[in-house]
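Undergrad:
Numbering (my numbering), first residue to last: 9 to 211.
1. Kindly list the residues whose CB is nearer than 7 Å to the CB of residue 73, restricted to its own chain and excluding five residues on each side of it in sequence; keep chain order.
2. If you draw a straight line from the alpha carbon of residue 70 to that of residue 36, how long is it in whole angstroms?
3. Could you tell me how far apart the beta carbons of residue 21 and residue 59 are, in whole angstroms, since I believe they sit closer than 8 Å?
4. Please name the residue in 50, 171, 205 and 145 whose C-alpha comes closest to that of residue 181.
5. Could you give the distance in angstroms between the alpha-carbon of residue 11 and the alpha-carbon of residue 184?
6. Assuming residue 142 contacts residue 23 under a Cβ cut-off of 8 Å, what Cβ separation, rounded to an integer in Å, is found between them?
7. Write down the C-beta distance between residue 157 and residue 167 rounded to the nearest angstrom, noting that I regard them as a contact closer than 8 Å.
8. Applying the 10 Å Cβ sphere with the 16-neighbour rule, what's the burial state of residue 132?
9. I need the straight-line Cα distance from residue 40 to residue 161, nearest angstrom please.
10. For residue 130 versus residue 75, is the C-beta distance shorter than 8 Å?
11. Enumerated in chain order, which unbroken segments of the beta strand (DSSP E) with a length of 3 residues or greater are wholly contained in the segment 22 to 85?
12. I need the DSSP call for residue 200, collapsed to helix, strand or coil.
13. Give me the Cα-Cα distance between residue 43 and residue 123, rounded to the nearest whole angstrom.
14. Exposed or buried, residue 25, counting other C-beta atoms within 10 Å across all chains shown (16 or more means buried)?
15. Whole angstroms is fine: what's the gap from residue 148's alpha carbon to residue 177's?
16. For residue 87, write down the residues that DSSP places opposite it in a beta bridge.
If you want it as structure tokens, here you go:
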């Protein structure tokens, strides 16, 4: 695999594009349509169709996909159809297997905010985490409902990312409930100014 191909594989959108082309040749507009229909826009940011187009063009430069013709329907503009190359198929399998087997640092925002929880007050933290708990519980209910509806027509393997998301949300809700209780009882408490003053000073 070339250095450029290795760089391309780091993007989650790259993985999604390669996997879609593994199914069948298609144009970027259809890729975006399928991503939204399948709810995969919760996994990758495809708000701009241009992001898919740019990803496909980069993959084509890297030799992982190739244009295989074009199509035009009615008043819509002509669209280039792309197909997965042999190198692209190998890259898809390698990237997929690495991501499944190897935990990676993904730098999520919530743990970063928690690292500086002491900047705010315990009272504010309890209120904010309670709000997060409420929002997350609503998201979990919606996800369970959507998954249950989809499971009537889809094999479980096509909903496995939902199963994972449900487990993660359940775990976070349990942690939030324990932490909120500790904040409200005073078991978890601090004084921001005292913590600042207790820090060692530079000589």
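Note that the Cβ used here is the ideal one computed from N, Cα and C, for glycine as well. Bear in mind that the values here come from a model prediction, so they are computed numbers and not experimental data.
TA: In terms of the structure at hand:
1. These residues qualify, in order along the chain: 29, 64, 67, 90, 91, 92, 93 and 96.
2. One C-alpha to the other measures close to 17 Å.
3. Yes, they are in contact, since the Cβ atoms of residue 21 and residue 59 sit about 7 Å apart, within 8 Å.
4. 145 is the residue among 50, 171, 205 and 145 whose C-alpha sits nearest the C-alpha of residue 181.
5. Low confidence applies to residue 11: its pLDDT is 48, below 50, so where it sits in the model is not reliable, and the reading given next is rough at best. Rounded to whole angstroms, residue 11 to residue 184 spans 42 Å at the Cα level.
6. Taking a contact as a CB-CB distance under 8 Å, the pair residue 142 and residue 23 does not count as one, their CB atoms being some 33 Å apart.
7. Not really, about 10 Å apart at Cβ, beyond 8 Å.
8. Its Cβ having fewer than 16 others within 10 Å, residue 132 is exposed.
9. So the two alpha carbons sit approximately 22 Å from each other.
10. No, the pair does not count as a contact, with Cβ atoms beyond the cut-off.
11. The qualifying runs are 73 to 79.
12. If DSSP states are grouped into helix, strand and coil, residue 200 belongs with the helices.
13. When rounded, the distance between both Cα atoms is 34 Å.
14. Answer is buried; the Cβ neighbour count reaches 16.
15. Between residue 148 and residue 177, the C-alpha separation is close to 7 Å.
16. BP columns for residue 87 point to 79.
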